[in-house]
Structures are given as structure tokens and as C-alpha cells.
Amino acid sequence: MNWRENPNGFQSVLVTGGAGYVGSALIPQLLSDGYDVKVIDLFWFGDDVFGESHKHPRLRLARLDIRNTEQLKRELKGTDVIIHLACISNDPSFELDPNLSKSINYDAFVGLLSGAIESGVRRFIYASSSSIYGVKEEKDVREDSPPFPLTDYSKYKLACERQLLDVNPRGIERVIARPATVCGYARRLRLDLTVNILTMHALVNRKIRVFGGKQLRPNLQIADMVRAYETLLSAPAEKIDGQAFNIGYQNRSVEELALLVRETIGDPGIAIEHVPTDDGRSYHINSDKIGAVLGFKPEHTIEDAVRDLAEKYRAGSIPDPMTDRRYYNIRTMQALKFI
Ligand SMILES: NC(=O)c1ccc[n+]([C@@H]2O[C@H](COP(=O)([O-])OP(=O)(O)OC[C@H]3O[C@@H](n4cnc5c(N)ncnc54)[C@H](O)[C@@H]3O)[C@@H](O)[C@H]2O)c1
347 MNWRENPNGF QSVLVTGGAG YVGSALIPQL LSDGYDVKVI DLFWFGDDVF
397 GESHKHPRLR LARLDIRNTE QLKRELKGTD VIIHLACISN DPSFELDPNL
447 SKSINYDAFV GLLSGAIESG VRRFIYASSS SIYGVKEEKD VREDSPPFPL
497 TDYSKYKLAC ERQLLDVNPR GIERVIARPA TVCGYARRLR LDLTVNILTM
547 HALVNRKIRV FGGKQLRPNL QIADMVRAYE TLLSAPAEKI DGQAFNIGYQ
597 NRSVEELALL VRETIGDPGI AIEHVPTDDG RSYHINSDKI GAVLGFKPEH
647 TIEDAVRDLA EKYRAGSIPD PMTDRRYYNI RTMQALKFI
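With the working numbering applied, the sequence shown covers 347 to 685.
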């Protein structure tokens with residue numbers, strides 16, 4: 347939705363971690379919606395991730411660590427909405443250095459939130475994760491289901507949610523997105539996410555290794571992730587303030603995902619190999635609430651994500667998928683030695 351049609355009158359959006367996987371797809375869309383966009387990022391994966399939007403007159407890039415609260419406060423001036431994406435964004439990367447990860451994923455969150463309140467930011471959109479549900483036997487885990495985070499990454503996602511809601515900051519609208527695992531092509535591509543990595547192995551090696559296989563995982567195509575943030579930007583305060591929204595569709599086991607990838611690529615010669623795992627995260631989320639409250643429905647599928655990745659790979663737009671460390675958060679963090 348164009349910002350002029352945004353009933354909240356928001357114009358300036360600050361996105362932390364905006365040069366990551368989700369951000370690289372979100373920022374060009376926000377610019378095309380007409381917002382003034384500021385990206386706060388350390389650019390661990392490079393800053394050339396916005397394509398033609400890179401030199402957009404309404405885009406400002408600020409190389410800044412979100413733990414630098416004082417400088418962050420200066421950057422927050424004039425911001426209407428924060429979309430907070432910056433973090434160490436998967437379990438293995440978090441575990442490389444748990445203290446550093448906590449300082450970014452939790453401590454910096456507290457500083458960012460208080461800075462936002464002081465600076466008069468009107469809305470705070472937080473990228474949590476559906477991994478806070480941990481292991482759930484029941485189908486259709488809804489937003490009010492008790493969370494059971496299994497890893498520190500998920501525990502601190504939940505701790506931030508609680509900080510956001512329990513502190514009860516008056517005067518700022520707070521909303522929590524709990525996205526499923528995102529899939530599909532973006533300019534800053536992650537190949538450490540389930541569907542993306544299965545697809546790339548199928549294309550490059552004609553062999554998919556399935557770790558475990560029975561665990562259920564919900565999915566979200568990246569263009570729908572972007573649309574969901576647009577929806578949370580334009581939603582009326584009374585519908586979203588203090589609310590969490592699951593955003594994930596096509597709950598599938600990892601084994602089913604492997605089969606779906608093989609079928610979508612259309613190469614029956616792709617081998618599927620099973621490997622034992624101790625990763626027990628398994629949950630089946632229900633995202634009816636965001637549909638019922640905000641009218642949000644997915645427009646894309648996992649199959650779309652696989653097809654798009656295959657097209658981009660064949661066109662040479664995903665060079666060195668197995669060896670370029672930028673596709674893999676943990677390898678990048680190891681190489682950067684936690685700058
Ligand atoms: N990708 C998914 O499947 C998924 C699913 C659920 C939730 N999420 C959440 O969505 C958000 C975005 O995910 P993503 O896949 O784009 O992650 P990403 O790892 O691709 O991007 C994170 C960005 O944050 C930046 N960053 C990290 N620490 C920083 C710091 N201290 N200061 C400033 N910038 C910093 C990095 O440079 C990077 O550009 C994350 O919060 C993630 O937990 C993602």
C-alpha cells in the first residue's frame with residue numbers, strides 16, 4: 347500500500363537489520379510504496395543488496411551497531427515506525443558466542459525500545475519467530491498457545507516479546523510478527539533455511555540430505571513476508587497494538603519438503619538421503635488470526651519459492667551457492683570473527 351493511503355499517516359520507516367535476507371526484499375518494496383526508509387545495519391552480508399533501489403533518494407543507509415544506544419537514539423529522530431529485524435538470526439550462529447548473541451538479540455532490544463519511546467516513534471514492529479513454540483504435538487498452534495522455546499535464539503525472541511508487551515510503553519503501538527521459516531529468492535540470499543537449502547542441493551548435487559525428516563515446519567514465501575510487514579504498517583492501531591500474529595502456511599514435514607522440492611524441480615533422479623538429527627523443533631502453526639483481523643492471506647507457495655530459486659540459479663544469479671559464505675550466516679559470522 348502506498349504510504350499516502352496509509353491511514354496512520356506514517357511516512358518514515360526505520361528498519362534495523364534491513365540489509366539481511368528479509369530486508370533485501372522488504373526495503374525496495376517500502377521505497378516503491380513511497381516511504382522514507384532508513385536502514386540501520388552492520389552490513390555483514392554486504393550493502394549492495396537492494397539492486398536498483400540502492401541509490402534511491404528516499405533510502406538512507408547507516409552503518410551502526412544496534413548496541414550503540416546513544417548513536418541509535420540520534421538516528422531514531424523523526425522515525426514514525428521501526429521494523430526491528432536485526433539479530434543473530436539462527437540457532438547455530440547464536441551458539442557461536444552466546445554472550446555476544448544475547449547482547450544483540452536481547453540487551454540491544456531493550457535499548458532500542460526505550461530509545462524509540464523517548465524519540466516519539468509511533469509504532470514498533472518486532473520480528474519474532476514461530477520457533478518460540480518449540481515442540482508441539484497439537485495441530486494448529488495459535489498465538490495463545492503456551493510458548494516452549496527450545497534454544498537460546500528462541501528464548502530471547504520470546505524475552506523480547508515479553509519486554510515489548512509487559513513493559514507497557516505508553517504512547518507506542520507494539521506488534522509482534524511470528525513468521526515461519528522464510529523461503530524463496532532475495533538479493534541477499536540465505537541458503538541456511540530449510541526450503542532454500544533443500545532446493546539448492548537438489549539443483550547442484552542432485553542429492554538432498556534430510557536431517558530427521560518427521561519434524562513439522564511451517565513456511566512463508568518471502569514476498570508474503572514482505573506483504574505481511576506492509577500489512578502491519580498500515581493496520582489500524584486498535585487491531586494490532588499488543589498483538590502477536592503467526593505468519594506461516596503449508597505446514598510440512600522436512601521429508602515432505604524434500605519430496606516437494608524434487609517434484610517441483612521435475613527431476614526424479616534427485617536422490618533423497620536420510621541423516622539422523624537431534625534438532626527436535628516441530629510445530630504446526632495456524633495463521634488464521636492475521637487473516638481474520640487484518641485480511642492477510644498468502645499469495646505465494648513453497649512451490650513458487652522453489653521454482654524461482656531454480657530459475658535464478660539456472661540464470662546464474664546465485665553464483666557459488668555451496669562455497670560463498672555470505673549465503674550461510676554461521677560461516678559469515680565465523681569469518682568476520684564477530685566484528
Ligand atoms: N528468515 C527467516 O526464515 C525468519 C523466520 C522467522 C523470523 N525471522 C526473523 O526476521 C529477522 C530477519 O531475518 P533475516 O533472515 O533477514 O536475517 P539475516 O541474518 O539475513 O539479517 C540480519 C541482519 O541484521 C544485521 N545485524 C546483525 N547484528 C546487528 C547489529 N548488532 N547491529 C546492526 N545490524 C545487525 C546483519 O548485518 C544482517 O544484515 C530476524 O530477526 C529473524 O530472527 C526470520
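Even for Gly, the Cβ is constructed at its ideal location relative to N, Cα and C. Keep in mind it's a predicted model, so treat the numbers as computed, not measured.
Residue i in three-state terms, based on DSSP
i: A532; result: coil
i: V359; result: strand
i: H402; result: coil
i: K482; result: coil
i: I463; result: helix
i: I685; result: Note that I685 has pLDDT 48, beneath the 50 cutoff, so the model's placement of it is unreliable and the number below is only indicative. If DSSP states are grouped into helix, strand and coil, I685 belongs with coil.
i: K423; result: coil
i: F440; result: helix
i: L388; result: coil
i: S628; result: strand
i: L407; result: strand
i: A574; result: helix
i: D382; result: strand
i: R563; result: strand
i: V395; result: coil
i: N445; result: helix
i: I611; result: helix
i: E645; result: coil
i: S435; result: coil
i: R413; result: coil
i: D587; result: coil
i: A581; result: coil
i: S663; result: coil
i: S477; result: helix
i: T540; result: helix
i: G366; result: coil
i: D670; result: coil
i: L496; result: coil
i: T623; result: coil
i: N354; result: coil
i: G457; result: helix
i: N451; result: helix
i: G637; result: helix
i: N348; result: coil
Same chain, Cβ closer than 7 Å to residue i, five either side skipped, listed in chain order
i: L376; result: V359, V383
i: R520; result: F470, L510, L511, D587, G588
i: R653; result: T610
i: K485; result: H630
i: D687; result: Nothing in the structure corresponds to residue 687, since the chain is present only between 347 and 685.
i: M668; result: V550
i: S449; result: R413
i: F389; result: A365, R409
i: G461; result: T415, L418, K419, L422
DSSP bridge partner residues for residue i (one or two, in chain order)
i: T545; result: DSSP, once it has assigned bridges, lists no residue as partnering T545.
i: P525; result: I593
i: K708; result: Here the chain comprises residues numbered 347 to 685, so residue 708 is not present and cannot be evaluated.
i: R469; result: V427, E519
i: N487; result: Going by the sequence as given, residue 487 is Val instead of Asn. Answer is I631, bridged to V487.
i: R598; result: R563
Contacting residues, own chain, Cβ-Cβ under 6 Å from residue i (five flanking each side not counted)
i: G594; result: S476, A526, P564, L566, I631, S633
i: R671; result: R677, T678, A681
i: F557; result: V621, T623
i: L655; result: Y531, T545
i: E639; result: The question names Glu, but residue 639 is Val in the sequence shown. Result list for V639: K585, in chain order.
i: I478; result: P493, P495, S500, K503, L504
i: F440; result: I434, S447, D498, Y499
i: H646; result: Q567, A569, D570
i: S599; result: K560, L562
i: D538; result: Y674, N675
i: S474; result: K503, E507, I522, R524
Close Cβ partners of residue i (< 8 Å) along its chain, the five nearest in sequence each way excluded
i: V427; result: F356, S358, V359, L360, V467, R468, R469, F470, I471, L579
i: V456; result: Q509
i: A583; result: N354, R469, E519
i: I554; result: L544, H547, A548, A604, V607, R608, I616, A617, I618, E619
Ligand 2 heavy atom lying under 7 Å from the CB of residue i
i: I631; result: For the structure depicted, ligand 2 is absent and the ligand set comprises only ligand 1.
Check: On the three-pair Cβ rule with 8 Å, is the stretch 377 to 397 touching the stretch 407 to 416?
Finding: yes
Margin query: Any contact between the stretch 495 to 511 and the stretch 431 to 442? By contact I mean 3 or more CB pairs, one from each, below 8 Å.
Written below: yes
Notebook entry, point to check: Is it true that the stretch 604 to 624 meets the stretch 538 to 553, where meeting means three or more beta-carbon pairs spaced less than 8 Å apart?
Noted result: yes
Note to self: Pairs of beta-carbons, one from the stretch 656 to 670 and one from the stretch 415 to 425, closer than 8 Å: are there three or more?
What the structure shows: no
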